[in-house]
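*Asks:*
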Amino acid sequence: MEPHEDLTPDKDDLPLRANTNHMLVKHYVLDLTVHLERRVISGSVVLFLEPCPGGRGNAEEDDSGAGSGASTLEARGSQDGDDDFTLVLDCCDLDVSKVEEVDVTSVSAMASFPSELASESQTPGAQDGGSLPFQIEQWSLQVRKKGAASPQEFPRAVRICYETRPTGRSVRWTKDQDHRVCVYTAGSPINNRALFPCQEPPVAMSTWQATVRAPSECLVLMSGEEQALPTEDADTRFSTWSYYVTMPMPASTFTLAVGHWCQVTAEIPPALEGEAGLVSGPGSSSSKVVKDSPHQTGSGDRTTCSDSTFSYAPLEDQALSVTDYSGMVNGGVSCSHDDYPCRFTERSAWSQRVIPHRVFGPVGLLQQAQMAVLQLLPRCLAAAHAVLGVHPFPRLDVLIVPAGFSSLGMASPHIMFLSQSVLSDGSPGSGESCLSLCGSRLCHEIAHSWFGLVIGARDWTEEWISEGFATYLEDIIWAQAQQLSFHETAEHSDLKALLRWRRLSDELQNSQEELQILRPNMENTGQVSESGSSTVKHALNPDKTFMQVHYLKGYFLLRFLASQVGDEQFMDFFRLFVKKYHGQLILSQ
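Heads up: the sequence shown at position 104 corresponds to 84 in my numbering, and the numbers run straight through without jumps.
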């Protein structure tokens, strides 16, 4: 079936087919190879599964609730084996060659299994089992096992072998600013289902680990808790990179970027920019210099040291530390999320104002990235810590993505994409305005670490919980980073509010009314069918990509609430909210 053949302007909802009320993926193990010349990614993914309590998942289930639109065939599997349970995964634009059962003999309790896996780079204790029948429809992959009539009887681990397509919509194949081929997850409306078969609904929180092979001259960046150091494959043409996460996250937050990028270092003299000795990339001769030597920034107000190529910027300005941790020290943090190593309970994290960070980009933009991103990033991180407290993630990579990126930025766990539009183009007078744009955008994306990532929306139509909060907080964090006075902060806030009001007013006059609704599912928000399937209203409408309603209406709602209770009290609420709901999915209520 062709990828777009059944989409029409009147049918622009995104189906979420996964039957998450019957079975949940608790952990993914990806083993991938990136083929730049063919523009495909091949390999396998092992899914470690856990049946849901009370999930019957038989052939007679009603899968039509919540407007899922799933066909009977999709809900039940093929006509052979109608009584068999069917595992339904979100999937499209993938060529699946085989699905097989994985015999994991070491598993005694699936609940603790993912955390045991996290530190290993290969599938542990797994042996090839029998092939499983499967079929693919446009939006889903269905897998059965003959004789397994319920989720409890279904295999606890399956391996899916597949290959992406050059036109697959979860990743973008393009050329960077230096005209070299690269690929990255570009925040597609269909999320990651064209990168690997998965459960897309936010409630399907999981951990993952990935081994990625790429040409040895390439850099592989990914969501991952620790920096990956490449190892050479035997044929020396490919290097292998391994990442993992132990915090359960929705599969949509999985992020990957592979390209010929270089690390931005603290000193890139303009006259020598692009010389091999001044940039750090995989296998470059400058890596040792970057790793072992502290570098003084051009501003002279701090020393940025590199440890394993990470930058640490201990800011001397104590005015940035305003978060009160006395309540945490005395009363501790009572986590309500599932068990995982949580930074909110680590005392060492409470005082870590600037987490380890790196910046990457094409050679041609290294100087602009150094002058803007690398200098602003530690101050923005420290300001966010002062405003919101503990950084939810232990490190951050920032990548200047190729031209044509549809947004100014995109935040994911441990990694942020930035558009080259936030960098100065070198024209007279552009420097100061671009620094302001870059700083505010960094603050917006950093705010997503708290609102959008460690606290997420349980229903994707409630984007305002992520974007409205980040838009509101970017002004506060950026003002803190600049150390503006109370009067200056108020003036800047009023000016930004006026500009946003004009943008919102213009959008309301020139867009479809149904796309202007902040909560399009109304009273049905958060509801799913009996199997767990649902749809995301208007997610595939191309006009929605360019709309700011969820940013701006959410921002003005929060601004109104702040005016009612006072700015200081409202920020106290934010910190309490983060302390209570981190690691969880929420609705507007």
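Backbone N, C-alpha and C define an ideal beta-carbon position, used for all residues, glycine too.
#1: Quick check: residue 185 and residue 367, are their CB atoms within less than 9 Å of each other?
#2: In whole angstroms, what is the alpha-carbon distance linking residue 114 and residue 559?
#3: Check whether the Cβ atoms of residue 432 and residue 447 lie closer than 9 Å to each other.
#4: So which of 5, 240, 164 and 122 has the shortest CA-CA distance to residue 136?
#5: Per DSSP, residue 21 is paired with what?
#6: Looking only at its chain, what residues have a beta carbon closer than 8 Å to the beta carbon of residue 574, apart from the 5 residues adjacent to it on each side?
#7: Rounding to the nearest angstrom, what Cα-Cα distance links residue 64 and residue 122 in this structure?
#8: Roughly how many whole angstroms lie between the Cα atoms of residue 226 and residue 188?
#9: Could you pull the DSSP bridge partners for residue 220 from this structure?
#10: Put residue 324 into one of helix, strand or coil per three-state DSSP.
#11: Let's test the definition: count the other Cβ atoms within 10 Å of the Cβ of residue 193 and tell me whether it reaches 16, buried, or not, exposed.
#12: Hey, out of 382, 384 and 399, whose CA is closest to residue 390's CA?
#13: What are the boundary residues of the alpha helix (DSSP H) that includes residue 360?
#14: Are at least three pairs of beta-carbons, each pair with one atom in the segment 139 to 155 and one in the segment 500 to 511, less than 8 Å apart?
#15: Closest to residue 342 by C-alpha separation, out of 241, 319 and 72, would be which residue?
#16: Which of helix, strand or coil does DSSP assign to residue 514?
#17: Leaving out five residues on either side along the sequence, give the residues of the same chain with a beta carbon under 6 Å from the beta carbon of residue 233.
#18: For residue 339 and chain B, any beta-carbon pair shorter than 9 Å?
#19: Could you give the DSSP three-state label for residue 568: helix, strand or coil?
#20: What are the start and end residues of the beta strand (DSSP E) that includes residue 437?
#21: Using the beta-carbon count (16 or more within 10 Å), is residue 481 buried or exposed?
#22: Tell me which residues share the same chain as residue -1 and place their Cβ nearer than 6 Å to its Cβ, disregarding the 5 neighbours each side in the sequence.
#23: Check this for me: beta carbons of residue 376 and residue 354, under 9 Å apart or not?
#24: Please classify residue 567: is it buried, with 16 or more other beta-carbons within 10 angstroms of its beta-carbon, or exposed?
#25: Is it buried or exposed, residue 555, if we count other Cβ atoms within 10 angstroms and call 16 or more buried?
#26: Measure the CB-CB distance between residue 149 and residue 170 and report whether it falls below 9 Å.
#27: Just tell me which of 404, 357, 374 and 76 has its CA closest to the CA of residue 424.
#28: From the DSSP output, in three-state form, read off residue 571 for me.
#29: What did DSSP end up calling residue 502 once you bin it into helix, strand or coil?
#30: Between which residues of its own chain and residue -7 is the CB-CB distance below 6 Å, once the five residues before and five after are set aside?
#31: Can you tell me whether residue 147 is buried or exposed, with buried defined as 16 or more other CB within 10 angstroms of its CB?
#32: By Cβ distance, which residues of its chain are closer than 6 Å to residue 177, with the 5 residues on each side in sequence left out?
#33: Do you know whose CA, among 327, 521, 396 and 66, lies nearest residue 130's CA?
#34: By how many angstroms is the C-alpha of residue 519 removed from the C-alpha of residue 173?
#35: Please classify residue 471 as buried or exposed, where buried requires at least 16 other C-beta atoms within 10 Å of its C-beta.
*Replies:* Let me lay it out:
#1: As a position in the sequence shown, residue 185 is number 205, starting the count at 1. As a position in the sequence shown, residue 367 is number 387, starting the count at 1. Cβ atoms of residue 185 and residue 367: not closer than 9 Å.
#2: Translated into the one-based positions of the sequence shown, residue 114 becomes position 134. Translated into the one-based positions of the sequence shown, residue 559 becomes position 579. In a straight line, the C-alpha of residue 114 is about 43 Å away from that of residue 559.
#3: Residue 432 sits at position 452 when you count from the first residue of the sequence shown. Residue 447 sits at position 467 when you count from the first residue of the sequence shown. Yes, these two residues count as a Cβ contact at 9 Å.
#4: Position 156 of the sequence shown, counting from 1, holds the residue named residue 136. Looking at the Cα atoms, 5 is the closest of the given residues.
#5: Within the sequence shown, residue 21 is the residue found at index 41, counting from 1. Paired residue(s): 14.
#6: The displayed coordinates of the chain run from -19 to 569. Any statement about residue 574 would go beyond what the structure contains.
#7: Counting from one through the sequence shown, the residue named residue 64 turns up at place 84. Counting from one through the sequence shown, the residue named residue 122 turns up at place 142. Rounded to whole angstroms, residue 64 to residue 122 spans 12 Å at the Cα level.
#8: As a first step, residue 226 is located in the sequence shown; it is residue number 246 there, counting from the start. As a first step, residue 188 is located in the sequence shown; it is residue number 208 there, counting from the start. Going by the C-alpha atoms only, they are around 7 Å apart.
#9: Counting from one through the sequence shown, the residue named residue 220 turns up at place 240. According to DSSP, which records beta bridges pairwise, residue 220 is partnered with 193 and 211.
#10: Mapped onto the sequence shown, residue 324 falls at position 344. Residue 324 falls in the helix class under three-state DSSP.
#11: Counted from its first residue, the sequence shown places residue 193 at position 213. Burial call: buried.
#12: Stepping through the sequence shown from its first residue, residue 390 is reached at position 410. The shortest C-alpha separation from residue 390 is found at 399.
#13: As a position in the sequence shown, residue 360 is number 380, starting the count at 1. Segment 355 to 368, the alpha helix (DSSP H) holding residue 360.
#14: no
#15: Numbered from its first residue, the sequence shown carries residue 342 at position 362. Considering only alpha carbons, the answer is 241.
#16: The sequence position of residue 514 within the sequence shown is 534, counting from 1. In the structure shown, residue 514 sits in a strand (DSSP, three-state: E or B).
#17: Along the sequence shown, read from residue 1 onward, the residue named residue 233 stands at position 253. Excluding positions up to five away in sequence, the list reads 392 and 393.
#18: This model lacks chain B altogether; it includes just one protein chain.
#19: As a position in the sequence shown, residue 568 is number 588, starting the count at 1. If DSSP states are grouped into helix, strand and coil, residue 568 belongs with coil.
#20: To locate residue 437, count along the sequence shown from 1; it is residue 457. That run of the beta strand (DSSP E) goes 435 to 437.
#21: As a first step, residue 481 is located in the sequence shown; it is residue number 501 there, counting from the start. With fewer than 16 Cβ atoms within 10 Å of its Cβ, residue 481 is classed as exposed.
#22: Sequence index remark: in the sequence shown, residue -1 carries index 19 (1-based). So the qualifying residues of the chain are 68, 511 and 512.
#23: Counted from its first residue, the sequence shown places residue 376 at position 396. Counted from its first residue, the sequence shown places residue 354 at position 374. Not a contact, by the Cβ cut-off of 9 Å.
#24: For the purposes of this step, residue 567 is taken as the residue at position 587 of the sequence shown. Residue 567 comes out exposed.
#25: The count along the sequence shown starts at 1 and reaches residue 555 at position 575. The residue in question, residue 555, is buried, as its Cβ has 16 or more Cβ neighbours within 10 Å.
#26: Residue numbering aside, residue 149 sits at position 169 when the sequence shown is read from its first letter. Residue numbering aside, residue 170 sits at position 190 when the sequence shown is read from its first letter. Yes; because the gap between Cβ atoms is below 9 Å, this pair is in contact.
#27: For the purposes of this step, residue 424 is identified with residue 444 of the sequence shown, where counting begins at 1. Minimum Cα distance to residue 424 is reached at 357.
#28: In this structure the chain extends from -19 to 569, so residue 571 is not present and cannot be described.
#29: Here residue 502 is taken as the residue at index 522 of the sequence shown, counted from 1. Helix.
#30: Along the sequence shown, one-based indexing puts residue -7 at 13. Closer than 6 Å at the Cβ level, and outside the excluded window around residue -7, lie 515 and 517.
#31: Within the sequence shown, the letter at position 167 stands for residue 147. Label assigned to residue 147: exposed.
#32: Reading the sequence shown from its first residue, position 197 is the one you call residue 177. The answer, listed in chain order, is 69, 71, 121 and 140.
#33: For the purposes of this step, residue 130 is taken as the residue at position 150 of the sequence shown. It is 66 whose Cα lies nearest to the Cα of residue 130.
#34: Your numbering for residue 173 matches position 193 in the sequence shown. Your numbering for residue 519 matches position 539 in the sequence shown. The alpha-carbon atoms of residue 173 and residue 519 are separated by roughly 14 Å.
#35: Position 491 of the sequence shown, counted from the start, is the residue given in the question as residue 471. Per the 10 Å Cβ criterion, exposed.
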